[in-house]
Amino acid sequence: MEEFKWFVMYTASRSEKKVADRLKENGVEVYLPMIEELRQWSDRKKKVRRAMFNGYVFVKTSRNKLWECLQVPGAVKFVHFSGQHATIREEELDIIKRVIETGVGVESDGSTIDPGEKVLVIGGPLQNMTGEVIEKGNKDYFLIRIPGIYQNLLISVPRKFLEVLA
């Protein structure tokens, strides 16, 4: 029996939703984290849903089915790190799902960030999560690293809810 893992697929620009839908139509299990944000135009404001990680879709499949998944229009390649296909653990996906469910403001940041202080969230919807604190502009952000895809989630958490871990 083939082992199914969550692989990280890179898609064409702004094609995440279409690729995810096409893969689902082919019977493939897909996870596409979506966030809602308020966009300002000159004449109006509108809430729009967009992919949390630009260009990424998570595909649960076996290694020998990867090529099949790439046949979907808009799919570019599977992400590799150090010559291996990038995979993401179920626990990491659960963290992403929990962050989305809370509705907190989220930014995705693919840049390298030097490690900061390790913290525990002691209050609010993300209580008991651990991560790092970084500063960005005039705000304090809580950082959750998703190592499987080398991405970081920057979440604004009030300082009163953060406790520095020794």
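In full-length UniProt numbering, the protein residues as written are 1 to 166.
Where a beta carbon is used, it is the ideal one built from N, C-alpha and C, also for glycine.
From a predicted model like this one, the values you see are computed outputs, not experimental measurements.
Status (buried if at least 16 other CB within 10 Å, exposed otherwise) for residue i
{"i": "residue 163", "result": "exposed"}
{"i": "residue 61", "result": "buried"}
{"i": "residue 53", "result": "buried"}
{"i": "residue 122", "result": "exposed"}
Of the listed residues the options, nearest to residue i (C-alpha basis)
{"i": "residue 90", "options": "127, 75, 147", "result": "147"}
{"i": "residue 72", "options": "23, 152, 4, 155", "result": "23"}
{"i": "residue 6", "options": "152, 128, 144, 66", "result": "66"}
{"i": "residue 165", "options": "150, 118, 151, 158", "result": "118"}
{"i": "residue 96", "options": "35, 13, 25, 3", "result": "35"}
{"i": "residue 59", "options": "14, 10, 121", "result": "10"}
{"i": "residue 28", "options": "150, 122, 63, 104", "result": "63"}
Beta-carbon proximity list for residue i, same chain, < 6 angstroms, skipping 5 on both sides
{"i": "residue 16", "result": "32, 51, 57"}
{"i": "residue 124", "result": "161"}
{"i": "residue 39", "result": "46, 48"}
{"i": "residue 3", "result": "none"}
Sequence-distant residues of its chain with Cβ nearer than 7 angstroms to residue i (five each side left out)
{"i": "residue 92", "result": "146, 148"}
{"i": "residue 12", "result": "74, 76"}
Neighbourhood of residue i by C-beta distance below 8 angstroms, restricted to the same chain and skipping five residues each side
{"i": "residue 99", "result": "106, 126, 144, 153, 155"}
- Message: Using a Cβ distance threshold of 8 angstroms, determine whether the segment 119 to 134 contacts the segment 70 to 87, with at least three qualifying pairs required.
- Response: When C-beta atoms of the segment 119 to 134 are compared with those of the segment 70 to 87, fewer than three pairs fall below 8 angstroms, so the two segments do not count as touching.
- Only counting runs of 3 or more residues, tell me where the beta strand (DSSP E) segments fall wholly within the UniProt domain "NusG-like N-terminal" (3 to 100), in order along the chain. Considered as a whole, the UniProt domain "NusG-like N-terminal" (3 to 100) harbours 5 to 11, 29 to 31, 34 to 40, 45 to 51, 56 to 61, 75 to 78 as its complete beta strand (DSSP E) runs of no fewer than 3 residues, in chain order.
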